[in-house]
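S.K.: In terms of numbering that gives the first Met the number 0, the sequence shown opens at residue 0 and continues consecutively. We put the beta carbon where it would ideally sit given N, CA and C, even for glycine. Note that the structure is predicted; figures quoted are calculated from it, not measured. First, the structure itself, so that you have it in front of you.
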Amino acid sequence: MKTVLSFLALAFLALPTTAQNQEVEIKVNKLTDHVYMLVGRGGNIGLSVGEDGAFMIDDQYAPLTPKILEAIKTVTDKPVKFLVNTHWHGDHTGGNENMSKEGTIIVAHKNVRARMSVEQFNKDWNRTTPASPKAALPVVTFSEDLTIHLNGEDIMIFHVHNAHTDGDAMVYFTQSNVLHMGDTYFQGKYPFIDLNSGGSIEGYINASKKALMLINDETIIIPGHRDQSNKKELQGYVSMLEELKASVSEAIAQGKSEEEVTNDTSLTKKYDDADYGSWFIKPNVMRRTLYRSLKDSNQE
């Protein structure tokens with residue numbers, strides 16, 4: 000199982016090769032008059048533009064920075080003033096050093112800077128991520144909430160606890176009614192919950208519920224990965240997570256082992272059949288993650 004997890008993680012988070020970088024196209028999707036979603040390779044990028052400058056959320060991988068900047072120039076001639084990292088993973092922070100050299104101020108939750116500042120070892124993947132260079136580190140950090148006032152917009156940045164990681168932030172453009180959820184939302188597919196970085200199923204569900212309290216039926220949601228979404232889809236996603244949590248919790252109460260839960264396809268069949276397990280996180284990986292998260296929670 001560790002081999003499977005390692006393969007998945009490396010495939011998902013590894014830096015693009017030169018050939019892959021040449022093939023990547025940065026697509027610019029206009030969401031509102033001032034807010035865009037940029038899609039390339041890695042986490043979805045949020046972008047707000049206006050007379051005060053550009054405001055960016057996540058930056059994918061370092062080799063893609065020139066293409067990303069060129070894409071941004073198609074919608075604004077202003078520099079990127081601020082960059083918010085939704086969490087520490089390299090497919091969302093890989094371009095930090097390049098953006099810092101452009102004069103961009105990098106903002107993130109304090110745990111993002113803490114994790115990026117030192118070497119990270121993931122025991123499940125047997126993978127070590129080296130510490131980031133100083134220029135890649137966020138220079139503005141926060142504990143819970145932060146508001147940036149830019150381009151006639153009150154931009155709310157708020158922490159959600161122990162969801163995808165221990166440093167997740169969502170970004171809400173209050174006037175434009177657009178919410179960037181980072182990797183606390185994998186639209187239409189099972190989520191990656193990074194237990195080694197402080198993530199948990201309980202926190203993941205609570206993060207989505209916090210988002211639902213904030214938004215309305217007209218809100219446009221930018222997920223960390225995959226397609227533009229909305230409140231109705233997010234509600235369905237929460238229902239999926241809660242049902243799977245209940246199923247695995249019951250299996251744990253019955254005394255089933257980690258391997259038994261991992262191999263029990265009936266626990267996730269409803270959502271496997273609905274194609275939730277056809278992307279990065281496969282059904283068996285989802286079941287094992289749920290088991291480990293819930294078992295650890297019960298032992299606390």
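Under a three-way DSSP split, which group does A61 fall into?
M.R.: The answer is helix: DSSP assigns A61 an H, G or I state.
S.K.: Rounded to whole angstroms, what is the Cα-Cα separation between H179 and P222?
M.R.: 6 Å
S.K.: With which residues is L37 paired in a DSSP beta bridge?
M.R.: V27 and I44
S.K.: At the level of alpha carbons, what is the spacing between T264 and K133?
M.R.: 45 Å
S.K.: Ignore the nearest five residues each way along the sequence and tell me which others in D51's own chain have a CB closer than 6 Å to its CB.
M.R.: Answer for D51: L149 and N150, listed in chain order.
S.K.: Is the beta carbon of D58 less than 8 Å from the beta carbon of L30?
M.R.: No, they are not a contact pair.
S.K.: Alpha carbon to alpha carbon, how far is M155 from E22?
M.R.: 34 Å
S.K.: Can you tell me whether K255 is helix, strand or coil according to DSSP?
M.R.: coil
S.K.: For the structure I just gave you, are there three or more beta carbon pairs, one from the segment 109 to 117 and one from the segment 159 to 171, closer than 8 Å?
M.R.: yes
S.K.: Would you identify the three-state DSSP class for D271, choosing helix, strand or coil?
M.R.: helix
S.K.: Can you find at least 3 beta carbon pairs, one from the segment 249 to 264 and one from the segment 205 to 223, that sit closer than 8 Å?
M.R.: Touching, no, given that fewer than three Cβ pairs across the two stretches are closer than 8 Å.
S.K.: Tell me which residue opens and which closes the beta strand (DSSP E) that H158 is part of.
M.R.: E152 to H158
S.K.: For L243, which of A252, Y35, E257 and M285 has the nearest alpha-carbon?
M.R.: If we check each option's Cα against that of L243, M285 comes out closest.
S.K.: Going straight from the alpha carbon of I192 to that of H88, what length do you get?
M.R.: 12 Å
S.K.: Which runs of the alpha helix (DSSP H) fall wholly inside the segment 93 to 143 and span at least 4 residues, in chain order?
M.R.: 95 to 100 and 109 to 116
S.K.: Identify, in the order they occur along the chain, each residue of the same chain with its Cβ nearer than 7 Å to the Cβ of L289, setting aside the five sequence neighbours on each side.
M.R.: I200, L243, K244 and V247
S.K.: According to DSSP, is L211 helix, strand or coil?
M.R.: helix
S.K.: Less than 8 Å between the CB atoms is what I'm expecting for K80 and T64, so what's the real figure, rounded?
M.R.: A Cβ-Cβ separation of about 16 Å leaves K80 out of contact with T64 under the 8 Å criterion.
S.K.: Please list, in chain order, all residues of the same chain as T73 whose beta carbon is under 8 Å from its beta carbon, the five residues on each side excluded.
M.R.: If we look at T73 and ignore the five residues flanking it on each side, its Cβ neighbours are V27.
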